[in-house]
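Residues 3 to 175, numbered by this note's numbering, are exactly what the sequence shown covers, in order.
What follows is a short report on a single structure.
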Amino acid sequence: MPTMPPTATRPPDYSDSYRGAFRPAAYPVTPAALGRAFFNAGPAWIGWLFTLRNRIVALFGLKTPGSSKRAEQLKAFRGLPGERIGLFRVYEAADNRLVIGETDKHLDFRVILQVNTTQPDLDIKTLIITTEVHFHNRMGRWYFVPVKPLHRIIVPVMLKGMLRKPELLTAIV
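Here it is in structure tokens:
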């Protein structure tokens, strides 16, 4: 399963990246922990926005997570390629990196969650959340008009939530 969509042969139509430093717990960062932390980091209002989004886009035949049981998916999540949490599919999992996203008829998107060692002597790491979006057509561009400003609010909020609880980023292996 490819990490990036077929449209990735060209630069993304939209891309951003947010980062923050943290001191990890005594255990290593794992792809599964990155995914669980990402999906547990947001406040309730983000969940409400996704519920609203899913109701609206279903009218246009776009993908929605259906009636997935998110809590059960999170509990069982191992961070393996092909796994899903709601709308998000895992495309790549490495020691310090998890690539999630979806491919749909209007656009493809990928969210790259990555942890880098910034200052090994101080045991400081950097969490980076990068988003790349490739539009397929006008519908993708129109869809992204209201999504873009919300995305620019939501991702930093989720990053802060992840950094506030660095123990969520690590797991006993």
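Glycine included, every Cβ here is placed at the ideal spot set by N, Cα and C.
Nearest-angstrom Cα separation, counted from Asn-118 out to Gly-149: Rather than Gly, the amino acid found at residue 149 in this sequence is Val. Approximately 28 Å between the Cα atoms of the pair.
Contact under 8 Å by Cβ, Leu-89 with Pro-67: yes
Residue environment, Arg-112, which counts as buried when at least 16 other CB atoms sit within 10 Å: buried
Anticipated Cβ contact below 8 Å, Leu-82 with Ala-95, distance rounded: 6 Å
Inter-stretch contact (C-beta, 8 Å, three-pair minimum) for the region 140 to 160 and the region 44 to 64: yes
Residue ranges of each alpha helix (DSSP H) within the region 6 to 49, 4 or longer: 33 to 42
Arg-86 beta carbon less than 8 Å from that of Gly-103: no
Sequence-distant residues of its chain with Cβ nearer than 6 Å to Gly-142 (five each side left out): Take Gly-142, set aside five residues on each side of it, and the residues of its chain with a beta-carbon closer than 6 Å to its own are His-108 and Leu-109, in chain order.
Cβ-based neighbour list, Arg-21, same chain, cut-off 8 Å, excluding 5 preceding and 5 following: Thr-128, Leu-129, Ile-130, Ile-131 and Leu-161
Beta-carbon separation (whole angstroms), Arg-25 vs Ile-126, contact threshold 8 Å: 6 Å
Top-ranked residue by Cα proximity to Tyr-16, from Gly-63, Phe-40 and Phe-137: Phe-137
Proximity winner among Leu-76, Thr-32, Leu-36 and Gly-44, relative to Pro-158 (alpha-carbon distances): Gly-44
Residue closest to Arg-62, alpha-carbon to alpha-carbon, out of Gly-84, Tyr-145 and Leu-165: The residue asked about is misnamed: residue 62 is Phe in this sequence, not Arg. Selected option, being the one with the closest Cα: Tyr-145.
In chain order, each alpha helix (DSSP H) run of at least 4 residues that lies wholly inside the region 70 to 129: 72 to 78
Close Cβ partners of Gln-75 (< 6 Å) along its chain, the five nearest in sequence each way excluded: Ile-87
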